[in-house]
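As they're listed, the protein sequences go chains A and B.
The first sequence runs 1 to 212 under the numbering used here.
The second sequence runs 1001 to 1212 under the numbering used here.
Each remark here refers to the structure printed beneath this line.
There are 2 protein chains.
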Amino acid sequence: MQFSSSLLENAVNEFAKLPGIGKKTALRLVLHLLKQDSKEVGHFSEVIARMRKEIRFCQRCFNVADGDICSICANSMRKQDVICVVESIRDVIAIESTQQFNGTYHVLGGVISPLDGIGPDQLNIESLIHRAEKEEINELIFALNPNIQGDTTIYYLQKKLAAVASTHGRSIRITTIARGIAFGGELEYADEMTLGRSLQNRLPVENYVSRS
Amino acid sequence: MQFSSSLLENAVNEFAKLPGIGKKTALRLVLHLLKQDSKEVGHFSEVIARMRKEIRFCQRCFNVADGDICSICANSMRKQDVICVVESIRDVIAIESTQQFNGTYHVLGGVISPLDGIGPDQLNIESLIHRAEKEEINELIFALNPNIQGDTTIYYLQKKLAAVASTHGRSIRITTIARGIAFGGELEYADEMTLGRSLQNRLPVENYVSRS
């Protein structure tokens, strides 16, 4: 692409660095901003810069936070003794959007994946074990993506947490979110693994009806 | 979507205002920026704000410019007596990328479209007529999108320019870019209008071979 303005070119190049945004899309975005009020574009750029500069990670659960502790950990209305273990901040947002969970989180920052060189030390696992030792935890819910890496991570953590529980003479309930046929999905298109597991983990109908 | 950080939420909302970017994509972009170095994100936001604040439109051709006159109009190596009339800045970039044009441009800022309430007065047409009167123009090339609005605009401009030429006793060559079967396109999938016109405007083979 040939630009007759270096200001335009630089802006397009910056946008094109973002994931999934090519040069053509970047140009479209920049030309859109060019049509907007200067004040609005100033606000856009300020909000982005401020977000990166001021955002922090919760010292307890590693979720994004405006201060030292995130608003979920700081909320005394939420069950502090129930922890949902997730891979990323994105998963926290997805679960919060369901409005079905009233506990707290622990963001691992990834899952164990030896092929990618990610072991337990690269993740926020040490801190989770620490929380299990210090806090009075009743239940730990694993909400990891259903794949080999997720299952490996659950297996690893479950062993570690069982050891903590027995050392401290505690009983921590460890659960994982249900795998099964998605709502609105069709049986015939489900993969064998999912369909097989959803048969194994079938529920009494009265439970199903009362929940939905 | 539920966010536990207002800094994050604001940034996502700003990105989601851009065309073609929904909340999920906006979140992906923001989380990407969150992983980048603070300095780099600062640079990103600065380049965007600076672009909007400092960019100007060429006083002669209405292309984007870093100063009063764009780099194309200011370039004495380019044929200043050949003007390519285009709809938008995007078209200037597209034509520049072909490296097949060595003249200057005139950006109309749209095309005549009565249904959308866009008449000649909303476009940079007055200034084009003015250029035709003051400058020694040899050729005007219309490179507008091939649709009703584009053709209407060509018809309107051609009349105006013919009047200017006869008043000032000048001969301006007025052309339009070729319509036809796109390179790599297939005859059987071309619409009748395109195929019909490309038959009417057929070229001697020697011309075709010497150009490609």
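Even for Gly, the Cβ is constructed at its ideal location relative to N, Cα and C.
Residue i: contacting residues in chain A (beta-carbon distance under 7 Å)
| i | result |
| --- | --- |
| residue 1011/B | 47, 48, 51 |
Contact list for residue i against chain B, beta-carbon separation under 7 Å
| i | result |
| --- | --- |
| residue 3/A | 1093 |
| residue 54/A | 1007 |
| residue 89/A | 1031 |
Coil, strand or helix - residue i by DSSP
| i | result |
| --- | --- |
| residue 1130/B | helix |
| residue 215/A | The question about residue 215/A has no answer here: the residues shown for chain A are numbered 1 through 212. |
| residue 213/A | What the structure shows of chain A is the stretch from 1 to 212, and residue 213/A is not part of that stretch, so it cannot be assessed. |
| residue 1212/B | Note on residue 1212/B: pLDDT 48, under 50, position unreliable in the model; the coordinate value appears next. If DSSP states are grouped into helix, strand and coil, residue 1212/B belongs with coil. |
| residue 52/A | helix |
| residue 1111/B | coil |
| residue 139/A | strand |
| residue 1118/B | strand |
| residue 181/A | coil |
| residue 1101/B | coil |
| residue 1015/B | helix |
| residue 162/A | helix |
| residue 20/A | coil |
| residue 200/A | helix |
| residue 148/A | helix |
| residue 1078/B | coil |
| residue 71/A | coil |
| residue 38/A | helix |
| residue 123/A | coil |
| residue 1001/B | coil |
| residue 1026/B | helix |
| residue 1186/B | coil |
Interface partners of residue i on chain B, CB under 8 Å
| i | result |
| --- | --- |
| residue 65/A | 1004, 1005 |
| residue 18/A | 1029, 1032, 1033 |
| residue 38/A | 1052, 1053 |
Per-residue contacts from residue i into chain A (C-beta, under 8 Å)
| i | result |
| --- | --- |
| residue 1014/B | 43, 44, 47, 48 |
Proximal residues of chain A, C-beta to C-beta of residue i below 9 Å
| i | result |
| --- | --- |
| residue 1070/B | 4, 5 |
| residue 1096/B | 1, 2, 3, 4 |
Of the listed residues the options, nearest to residue i (C-alpha basis)
| i | options | result |
| --- | --- | --- |
| residue 1005/B | 1018/B, 1184/B, 1027/B, 1055/B | 1027/B |
| residue 1007/B | 70/A, 121/A, 188/A, 194/A | 70/A |
| residue 201/A | 179/A, 148/A, 192/A | 179/A |
| residue 1016/B | 33/A, 82/A, 133/A | 33/A |
| residue 1038/B | 37/A, 49/A, 21/A | 49/A |
| residue 93/A | 1078/B, 1012/B, 1203/B | 1012/B |
| residue 964/B | 1077/B, 1146/B, 1132/B | Missing from the structure shown is residue 964/B; chain B here goes from 1001 to 1212 and no further. |
| residue 10/A | 31/A, 187/A, 20/A | 31/A |
| residue 1167/B | 1132/B, 1063/B, 1187/B, 1019/B | 1132/B |
| residue 1113/B | 1096/B, 1062/B, 1155/B | 1155/B |
| residue 1063/B | 1025/B, 1095/B, 1024/B | 1095/B |
| residue 1051/B | 51/A, 185/A, 199/A, 14/A | 14/A |
| residue 76/A | 186/A, 58/A, 53/A, 104/A | 104/A |
| residue 1055/B | 3/A, 72/A, 66/A | 3/A |
| residue 61/A | 199/A, 189/A, 130/A | 130/A |
| residue 83/A | 125/A, 137/A, 124/A, 190/A | 137/A |
| residue 1165/B | 1150/B, 1079/B, 1134/B, 1019/B | 1134/B |
| residue 1001/B | 1079/B, 1024/B, 1170/B | 1024/B |
| residue 1029/B | 19/A, 29/A, 35/A | 19/A |
| residue 1059/B | 1046/B, 1170/B, 1193/B, 1074/B | 1074/B |
| residue 116/A | 149/A, 57/A, 35/A | 149/A |
| residue 1036/B | 205/A, 153/A, 36/A, 53/A | 53/A |
| residue 170/A | 21/A, 47/A, 81/A | 81/A |
Residue i: contacting residues in chain B (beta-carbon distance under 9 Å)
| i | result |
| --- | --- |
| residue 83/A | Within chain B, no residue comes near residue 83/A; the closest Cβ sits about 15 Å away, beyond 9 Å. |
Which residues DSSP lists as bridging residue i, in chain order
| i | result |
| --- | --- |
| residue 1089/B | According to DSSP, residue 1089/B bridges with nothing at all. |
| residue 175/A | 141/A |
| residue 168/A | Answer by DSSP bridge pairing: none, since residue 168/A is not bridged. |
| residue 83/A | 104/A, 140/A |
| residue 57/A | 64/A |
Any C-beta of chain E under 8 Å from that of residue i
| i | result |
| --- | --- |
| residue 1046/B | Protein chains in the displayed structure are A and B, and chain E is not among them. |
Inset, instruction - Answer yes if the segment 1100-1116 of chain B comes into contact with the segment 26-46 of chain A, meaning at least three C-beta pairs across the two stretches below 8 Å, and no otherwise. - result: The segment 26-46 of chain A vs the segment 1100-1116 of chain B: no contact.
Legend entry - Inter-stretch contact at 8 Å, needing at least 3 Cβ pairs: the segment 81-90 of chain A / the segment 107-124 of chain A: Under the Cβ criterion (8 Å, minimum of three pairs), the segment 81-90 of chain A counts as touching the segment 107-124 of chain A.
Legend entry - Contact between the segment 131-146 of chain A and the segment 170-190 of chain A (3+ Cβ pairs under 8 Å): The segment 131-146 of chain A vs the segment 170-190 of chain A: in contact.
Legend entry - Three CB pairs or more closer than 8 Å across the segment 117-128 of chain A and the segment 144-164 of chain A: Under the 8 Å Cβ criterion, the segment 117-128 of chain A counts as touching the segment 144-164 of chain A, having at least three qualifying pairs.
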